[in-house]
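> Read left to right, the sequence shown gives residues 15 to 63 (the numbering used here). We put the CB at the ideal spot given by N, CA and C, even for glycine. Following this message is one structure expressed as structure tokens.
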Amino acid sequence: MDINVFATDMDGAFLTDANDYDRQRFAHVFEALQAQGKRFVAISGNQYY
Numbered sequence: 015m016d017i018n019v020f021a022t023d024m025d026g027a028f029l030t031d032a033n034d035y036d037r038q039r040f041a042h043v044f045e046a047l048q049a050q051g052k053r054f055v056a057i058s059g060n061q062y063y
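Laid out in structure tokens, this is it:
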């Protein structure tokens with residue numbers, strides 16, 4: 015079975031304590047996922063209005 019979707023929680027996993035992320039690193043990883051036909055999903059239990 016192939017993995018086609020990668021999902022990560024935003025708070026405490028993807029984002030730093032300053033609510034930021036390494037944009038250059040993410041761009042590299044995202045491009046690699048796209049080249050393989052994979053999808054990236056950012057998820058959060060927080061509700062923002």
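Contact check, A46 vs T22 under 8 Å by CB: the rounded distance?
By 1-based counting over the sequence shown, the position of residue 46 is 32. By 1-based counting over the sequence shown, the position of residue 22 is 8. The pair is not a contact, with the Cβ atoms about 15 Å apart (cut-off 8 Å).
> Can you give me the C-alpha to C-alpha distance between T30 and R37, rounded to a whole angstrom?
Counted from its first residue, the sequence shown places residue 30 at position 16. Counted from its first residue, the sequence shown places residue 37 at position 23. Using only the alpha carbons, I get a separation of about 12 Å.
> Look up F20 in the DSSP assignment and give the residues it is bridged to.
Here residue 20 corresponds to residue number 6 of the sequence shown, with the count starting at 1. DSSP, once it has assigned bridges, lists F54 as partnering F20.
> Taking the continuous alpha helix (DSSP H) assigned at F99, which residues delimit it?
The shown model of the chain, from 15 to 63, leaves out residue 99, and the question about it has no answer.
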